[in-house]
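S.K.: Protein chains in written order, with UniProt numbering: chain A, 1 to 261; chain B, 1 to 261.
A virtual CB, placed ideally from N, CA and C, is assigned to each residue, including glycine.
One structure coming up, written as structure tokens, with questions to follow.
Set out below in structure tokens:
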């Protein structure tokens, strides 16, 4: 038992300040993290500041157009107390409310789209970080998402560089010698969650350094797609009401057809 | 920026050893954690050892019966490569594969059911912990669950005592002064995820101490149900295939009925 040294440590990174379009985010983060981060650390960056640096800001009255343009596939829609919630699959393969288009912590009258290429953004930040700390680090770009069956939201990985996001243990054996058939911890999302606990939503600290997981730092790692399950492999690819309606329409036609036979 | 002191620290607790039915788990954990934990810490305990102490072990050939007896509602079923996956809602309101009945890290020919009353188990552990550390702590009982749309599994809270699991910010304002309409971080599940990163699946370390979140330690907190979303509030209460089939049957009957009109 290690009372002195934690097995996992998360540090907030202050002083990032307000990010505006055109800011050299990798440089800014590398400067602020200098002195905190070490080789083997994983840097968690809130997607919001990546989007701001990329100028992914649009006028709020274009919000619905923005959501439509980000949407690949509508998964579910619900109206609750006059508020319409649209769960959609976006261009990154992520299933999120409003396609991840975000109105919080943005200037009045504006909404923020997700970064265009979060894996590439993560790679640029990683390059700047590694030059600063003089060794390998990992970088994850995080965003906040709701999930079925559970209240509240957790942070997840939407882009990454140099981090193995899925600890695939399938085919290995557990302590009792049994074959692990499905065990594959989504460590990327668990790291995003740990970082969110210190970054917080209201505090608005956009960057955290996670130490103790160097075993997942891997230059050959895939990006954010490693944690995306495609609709064809998913048992919940469509909202319950939408699927039931789809089935009803097909069944009704079949019922009518049965009339003519 | 705090390079010296992490904002969040997670410590593994070694030497718990193999737990058998009848073990006084609160006492065992309190003894092992003594010297590590401090007031304000949150102790994350893997449900597996709680179940073992409660003797929730059943013969593997009774596995299907066990799953049926734990099941309140079948959410989705899929067969893949001859392996049937049943996603069901269990007695705790949790939606999990095989109702949370677990075959890994158990003696050959046995499977493990989830603890009967994880909130009460958490309360007993908390009481023993607080006597040991001489101050308030929080306790969460965790288990591993898959989720729609994302690959891999993350740890979630299935029972808790003395920890606020949902950081409900709805109605508050963000840094930009905007009203937060849906923001409610599921900090309980994020703490479970952070703890899983050090406990790990193959290492088999069942307990971790999480430091830096004393603001969520709250004697008045609700238990694990705080993070359970009921089926009636959920847009994904039924698997897509199941909902489509349900709709089809209803639509077909309606189509046939139209024949007689």
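Could you list which residues in chain A have their beta carbon closer than 9 angstroms to that of residue 228 of chain B, in chain order?
M.R.: As a position in the second chain, residue 228 of chain B is number 228, starting the count at 1. Here the neighbours are 149, 150 and 151.
S.K.: Between residue 168 of chain A and residue 145 of chain A, how many whole angstroms is the CB-CB distance? I'm expecting something under 8 angstroms.
M.R.: One-based indexing of the first chain puts residue 168 of chain A at position 168. One-based indexing of the first chain puts residue 145 of chain A at position 145. At roughly 22 angstroms, the Cβ-Cβ gap does not stay under 8 angstroms, so residue 168 of chain A and residue 145 of chain A are not in contact.
S.K.: Residue 239 of chain A CB to nearest chain B CB: under 9 angstroms?
M.R.: On the first chain, residue 239 of chain A is found 239 positions in, with the first residue counted as 1. Yes, because at least one Cβ of chain B sits closer than 9 angstroms to the Cβ of residue 239 of chain A.
S.K.: Between the segment 8 to 22 of chain B and chain A, which residues of the former have CB atoms less than 9 angstroms from a CB of the latter, in chain order?
M.R.: So the list reads 8, 9, 10, 11, 12, 13, 14 and 15, given in the order they occur along the chain.
S.K.: Select from B/25, B/31 and B/38 the residue whose C-alpha is nearest the C-alpha of residue 209 of chain B.
M.R.: Here residue 209 of chain B refers to the residue found at position 209 when the second chain is read from its first residue. The residue with the shortest Cα to Cα distance from residue 209 of chain B is B/38.
S.K.: If we cut at 9 angstroms on Cβ distances, does residue 178 of chain B have a partner in chain A?
M.R.: On the second chain, position 178 is the one that residue 178 of chain B refers to. Chain A, which has a Cβ nearer than 9 angstroms to the Cβ of residue 178 of chain B, makes this yes.
S.K.: Please report the residue range of the beta strand (DSSP E) in which residue 83 of chain A lies.
M.R.: Numbered from its first residue, the first chain carries residue 83 of chain A at position 83. 83 to 90 is the span of the beta strand (DSSP E), which, as asked, contains residue 83 of chain A.
S.K.: Counting only beta-carbon atoms, is residue 1 of chain B nearer than 9 angstroms to chain A?
M.R.: Taking the second chain and counting its residues from 1, the one referred to as residue 1 of chain B is at position 1. With a pLDDT of 43 at residue 1 of chain B, under the threshold of 50, the predicted position of this residue should be treated as unreliable, though the coordinate-derived value follows. Yes - at least one Cβ of chain A is within 9 angstroms of the one on residue 1 of chain B.
S.K.: Would you mind telling me which residues of chain C sit closer than 9 angstroms to residue 25 of chain B, beta carbon to beta carbon, in chain order?
M.R.: Absent here is chain C; the protein component of the structure consists of chains A and B.
S.K.: Strictly under 9 angstroms for the Cβ-Cβ distance: is residue 182 of chain A near chain B by that measure?
M.R.: Within the first chain, the letter at position 182 stands for residue 182 of chain A. Yes, because at least one Cβ of chain B sits closer than 9 angstroms to the Cβ of residue 182 of chain A.
S.K.: Less than 9 angstroms between the C-beta atoms of residue 116 of chain A and residue 54 of chain A, yes or no?
M.R.: The sequence position of residue 116 of chain A within the first chain is 116, counting from 1. The sequence position of residue 54 of chain A within the first chain is 54, counting from 1. The answer is yes: Cβ separation under 9 angstroms.
S.K.: Would you identify the three-state DSSP class for residue 40 of chain A, choosing helix, strand or coil?
M.R.: The residue given as residue 40 of chain A occupies position 40 in the first chain. In the structure shown, residue 40 of chain A sits in coil (DSSP, three-state: anything other than H, G, I, E or B).
S.K.: With a floor of 4 residues, list each alpha helix (DSSP H) that falls wholly inside the segment 183 to 257 of chain A, ordered by position along the chain.
M.R.: Counting only runs of 4 or more, we get 187 to 199.
S.K.: Should the segment 122 to 141 of chain B be regarded as contacting the segment 27 to 38 of chain B, the criterion being three or more beta carbon pairs within less than 8 angstroms?
M.R.: Taking 8 angstroms as the limit for Cβ pairs, the verdict is that the segment 27 to 38 of chain B does touch the segment 122 to 141 of chain B.
S.K.: I'd like to confirm the pairing. Which residues does DSSP put opposite residue 80 of chain A in its beta bridges?
M.R.: In the first chain, residue 80 of chain A corresponds to position 80, counting from 1. Residue 80 of chain A pairs with A/83.
S.K.: Taking only runs of the alpha helix (DSSP H) that begin and end inside the segment 106 to 177 of chain B, which ones reach a length of at least 4 residues, in chain order?
M.R.: 118 to 133, all fully within the segment 106 to 177 of chain B.
S.K.: Using a Cβ-Cβ cutoff of 7 angstroms, what residues of the segment 114 to 126 of chain B are near chain A? List them in chain order.
M.R.: Going along the segment 114 to 126 of chain B in chain order, one finds no residue with a Cβ nearer than 7 angstroms to chain A.
S.K.: Along the segment 42 to 60 of chain A, what residues have a CB closer than 8 angstroms to any CB found in chain B?
M.R.: Taking 8 angstroms as the Cβ-Cβ cut-off against chain B, none of the residues of the segment 42 to 60 of chain A qualify.
S.K.: Taking just the CA atoms, how far does residue 30 of chain B sit from residue 149 of chain B?
M.R.: What you label residue 149 of chain B is simply residue 149 of the second chain in a count that begins at 1. What you label residue 30 of chain B is simply residue 30 of the second chain in a count that begins at 1. About 38 angstroms.
S.K.: Just the C-alpha distance for residue 2 of chain B and residue 7 of chain A, rounded to the nearest angstrom, thanks.
M.R.: Locating residue 2 of chain B in the second chain gives position 2, where the first residue counts as 1. Locating residue 7 of chain A in the first chain gives position 7, where the first residue counts as 1. Because the pLDDT at residue 2 of chain B is just 43, under 50, the model does not fix this residue reliably, and the point stays unresolved.
S.K.: Based on DSSP bridge pairs, tell me the residues matched to residue 58 of chain A.
M.R.: As a first step, residue 58 of chain A must be located in the first chain, where it is residue number 58. Answer by DSSP bridge pairing, in chain order: A/111.
S.K.: Would you mind reading off the limits of the beta strand (DSSP E) that contains residue 275 of chain A?
M.R.: Outside the displayed span of chain A (1 to 261) sits residue 275 of chain A, for which this structure offers no information.
S.K.: According to a CB-to-CB cut-off of less than 7 angstroms, which residues of the segment 84 to 97 of chain A neighbour chain B?
M.R.: Those residues of the segment 84 to 97 of chain A that come within reach of chain B (Cβ to Cβ, closer than 7 angstroms) are 87 and 95.
S.K.: Give a yes or no on whether the C-beta atoms belonging to residue 221 of chain A and residue 161 of chain A are separated by under 9 angstroms.
M.R.: Numbered from 1 along the first chain, position 221 holds the residue referred to as residue 221 of chain A. Numbered from 1 along the first chain, position 161 holds the residue referred to as residue 161 of chain A. Yes, these two residues count as a Cβ contact at 9 angstroms.
S.K.: Going by the DSSP bridge assignment, what does residue 24 of chain B pair with across the sheet?
M.R.: In the second chain, the residue the question calls residue 24 of chain B occupies position 24. DSSP output for residue 24 of chain B lists no bridge partner at all.
S.K.: Could you check which residue in A/123, A/96 and A/9 has the C-alpha nearest to that of residue 50 of chain A?
M.R.: Residue numbering aside, residue 50 of chain A sits at position 50 when the first chain is read from its first letter. The shortest Cα separation from residue 50 of chain A among A/123, A/96 and A/9 belongs to A/123.
S.K.: Inspect the beta-carbon positions of residue 106 of chain B and residue 88 of chain B and report whether they are closer than 9 angstroms.
M.R.: Stepping through the second chain from its first residue, residue 106 of chain B is reached at position 106. Stepping through the second chain from its first residue, residue 88 of chain B is reached at position 88. Against a cut-off of 9 angstroms, the Cβ pair of residue 88 of chain B and residue 106 of chain B comes out as no contact.
S.K.: Check whether the Cβ of residue 257 of chain B lies closer than 9 angstroms to any Cβ atom in chain A.
M.R.: Locating residue 257 of chain B in the second chain gives position 257, counting from the first residue. Chain A, which has a Cβ nearer than 9 angstroms to the Cβ of residue 257 of chain B, makes this yes.
S.K.: In angstroms with no decimal places, state the Cα-to-Cα distance between residue 260 of chain B and residue 85 of chain B.
M.R.: As a position in the second chain, residue 260 of chain B is number 260, starting the count at 1. As a position in the second chain, residue 85 of chain B is number 85, starting the count at 1. When rounded, the distance between both Cα atoms is 41 angstroms.
S.K.: Going by DSSP in three states, residue 47 of chain B sits in which element: helix, strand or coil?
M.R.: Within the second chain, residue 47 of chain B is the residue found at index 47, counting from 1. Three-state result, residue 47 of chain B: helix.
S.K.: Consult DSSP for residue 7 of chain A and reduce its assignment to one of helix, strand or coil.
M.R.: On the first chain, residue 7 of chain A is found 7 positions in, with the first residue counted as 1. Reduced to three states, the DSSP call for residue 7 of chain A is coil.
S.K.: In terms of residue numbering, what span does the alpha helix (DSSP H) encompassing residue 64 of chain B cover?
M.R.: Indexing the second chain from 1 puts residue 64 of chain B at position 64. It spans 63 to 70 - the alpha helix (DSSP H) in which residue 64 of chain B sits, taken as one unbroken run.
S.K.: Leaving out five residues on either side along the sequence, give the residues of the same chain with a beta carbon under 6 angstroms from the beta carbon of residue 231 of chain A.
M.R.: Within the first chain, residue 231 of chain A is the residue found at index 231, counting from 1. Taken in chain order, the residues that qualify are 237.
S.K.: Strictly below 8 angstroms CB to CB, what residues from chain B border residue 156 of chain A?
M.R.: Counting from 1 along the first chain, the entry for residue 156 of chain A is found at position 156. Going along chain B in sequence order, the residues near residue 156 of chain A (Cβ under 8 angstroms) are 150.
S.K.: Can you tell me which of A/12, A/186 and A/175 puts its alpha carbon nearest to the alpha carbon of residue 108 of chain B?
M.R.: If you number the second chain from 1, residue 108 of chain B lands on position 108. Checking every option, the nearest Cα to that of residue 108 of chain B belongs to A/175.
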